[in-house]
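Let me begin by presenting the structure, written as structure tokens, before commenting on it.
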Amino acid sequence: MITTRQNFDLAQVTTFAIPAKCSRYIEYDQPEDIPLIISELQDVDRLYHIGGGSNLLFTHDYDGVVAHSAIKGIDVVDETTDGVTVRVGAGVVMDDFISWACDRGLWGVENLSGIPGEAGASAVQNVGAYGAEAADTIVEVHAYDSHKNEFVTFTNEDCHYGYRDSIFKRSDIRGRYIIHSVVYRLSSVPKPNICYPALKDQFDTPPDDPHLIRRAVIAIRDSKLPDPSKVPSAGSFFKNPVINDDQLAKIISIEGTDTFPHYRTDNGWKIPAAWLIDRCGWKGHHDNNAAVWHLQPLVITNPGRKASAADILDLEDRIKQSVRERYGVNLEPEVEHI
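First residue of the sequence shown? That's 831 in the numbering used here, and the numbers climb one at a time after it.
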């Protein structure tokens, strides 16, 4: 079924709750709807697909069509002695899928518990938390190629996953592929991932039930992050930057110590954006209807549901400027600006 609404306020379907209208909002619930929608929109210059609306900031009204997949379903497509392959509709709430997996004693996605959003978006953003990423379990991504007008399948390798990145975010093909389902491979053999320090502290021994990790992750998230249904936000606003040796040396010289959190990666040092922002004094800051969450400075909020996109952008720019001036580090937004 395809439903269409005109002059639609996107604050209703984005967790930031920032007012922005689109010319048309289309929702559909089966893959076969996609080519029908594409054929009907041949004269439309702008078409943008959203998932759960949890990682988005519409900076202005959108003069075009916004579409949302409401394709549901969690189907086991293969089962072996050590694991299960599951096909998940793009419109399935990711946390519902994770709960489903934990209920069946399946491992691999439990560390992603509590992240807002839907399965389709997880394959685009490569969502991650607490030492795990969606890419760790994604086997295939099924999509519709709106240029060639055919259904296509991407393997994990085809997706070129990186830190909060995938081929679907490349500027030259952005919007071309419309994801309708994602295939994950889950383990039926216990594989607890408690390498993340805050998570490791919760256990004396590795747990043998994925629900235990799921509950611990949710408890940690709840202790630091706002519930977007109560305090609107787009989740973690900035990516954790990867810096070079010279930048790391500069930070050490400023702080007078190297005991702050930083981790060696293949191409430099990853340092938490939250730590940088906190050290610049932004935690709990509030002005012009936008605020920095008092428990986690990585999150910009719309606490009174009165903020405009301009308020959010102004606060974002000032945070980036202060981190750049103090540490010589450029922050990049994780939240997509549209």
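Cβ coordinates follow ideal geometry from the N, Cα and C atoms, glycine included. This one's a predicted model, so the numbers in the text were calculated from it and none came from an experiment.
Ranked by how close their Cα comes to the Cα of ASP1076, the residues LYS1069, GLY944 and ILE1084 have ILE1084 in first place.
Per DSSP, the continuous alpha helix (DSSP H) segment holding ILE1084 begins and ends at 1075-1085.
Cα atoms of ALA1049 and ALA1103: separation of roughly 21 Å, rounded to the nearest angstrom. Sixteen is the threshold: when 16 or more other Cβ atoms of the shown chains lie within 10 Å of the Cβ of GLU948, as they do, the residue is buried.
Cα atoms of PRO1022 and LEU936: separation of roughly 11 Å, rounded to the nearest angstrom. Between ILE848 and SER1138 a beta carbon distance of about 7 Å is seen, short of the 8 Å cut, so the two are scored as contacting. Looking at the DSSP output, TRP937 sits in a beta bridge with SER1017. Judged by beta-carbon spacing, TRP1105 lies within the 8 Å limit of PRO1091, meaning their Cβ atoms are closer than that value. VAL1072 is bridged by DSSP to LYS1100. Secondary structure in the segment 889-925: the beta strand (DSSP E) runs of 3 residues or longer, each lying completely within the stretch, are 892-899, 904-909 and 913-919 in chain order.
Secondary structure remark: continuous alpha helix (DSSP H) runs of at least 4 residues inside the segment 840-871, in chain order: 863-870. The beta-bridge partner set that DSSP reports for GLY1005 is empty.
As DSSP reads the structure, SER1011 sits in a beta bridge with GLY919 and HIS972. Annotation for VAL1122: ILE1107, TRP1112, LYS1113, GLY1114, HIS1115, HIS1116, VAL1129, ILE1130, THR1131, LEU1145 and ILE1149 place their beta carbon closer than 8 Å to its own, counting only its chain and skipping 5 residues before and after.
When only Cα atoms are considered, GLU980 and VAL971 end up about 14 Å apart.
Rounded to the nearest angstrom, the gap between the Cα atoms of THR889 and THR911 is 49 Å.
Residue pairing by DSSP places GLU963 opposite GLY958 in a beta bridge.
Remark: fewer than three beta-carbon pairs, one from each stretch, lie closer than 8 Å, so the segment 951-960 and the segment 1054-1062 are not flagged as touching. The continuous stretches of beta strand (DSSP E) do not include ARG1148, which lies in the alpha helix (DSSP H) extending over residues 1139-1157.
Sixteen is the threshold: since fewer than 16 other Cβ atoms of the shown chains lie within 10 Å of the Cβ of ASP988, the residue is exposed. Within its own chain, the residues whose Cβ lies closer than 6 Å to the Cβ of PRO1133, once the five positions on either side in sequence are excluded, are VAL1061 and ALA1121, listed in chain order. VAL957 and CYS1025 have their C-alpha atoms spaced approximately 17 Å apart.
Taking VAL1153 as the centre and dropping the five residues before and after it, the same chain places the C-beta of LEU1106, ILE1107, CYS1110, VAL1159 and LEU1161 closer than 7 Å to its C-beta, in chain order. For ARG1015 against VAL982, the beta-carbon gap comes to about 20 Å, at or over 8 Å, which does not count as contact. PHE927 places its beta carbon less than 8 Å from that of ILE904. With a cutoff of 8 Å on beta-carbon distance, TYR855 and VAL896 are scored as near each other. LEU1106 sits in a helix when the DSSP states are folded into three classes.
In the structure shown, the three-state DSSP call for PRO1040 is helix. Less than 8 Å separates the beta-carbon of THR845 from that of PRO946.
DSSP lists LEU886 as the bridge partner or partners of GLU1166.
Within the same chain, Cβ atoms closer than 8 Å to the Cβ of TYR892 are found at LEU840, ALA850, LYS851, CYS852, SER853, ARG876, TYR878 and ILE1168, the five residues on either side in sequence being excluded. In terms of CA proximity to VAL874, SER976 leads the group THR1089, ALA1064, ILE1081 and SER976. With a cutoff of 8 Å on beta-carbon distance, GLY921 and SER899 are scored as near each other.
In chain order, SER952, ASN956 and VAL957 place their CB closer than 6 Å to the CB of ALA964, counting only its own chain and leaving out the 5 sequence neighbours on each side.
Cβ-Cβ distances below 8 Å link ARG1044 to ILE928, SER929, CYS932, GLU940 and SER943 in the same chain, with the five nearest sequence neighbours on each side left out; the list follows chain order.
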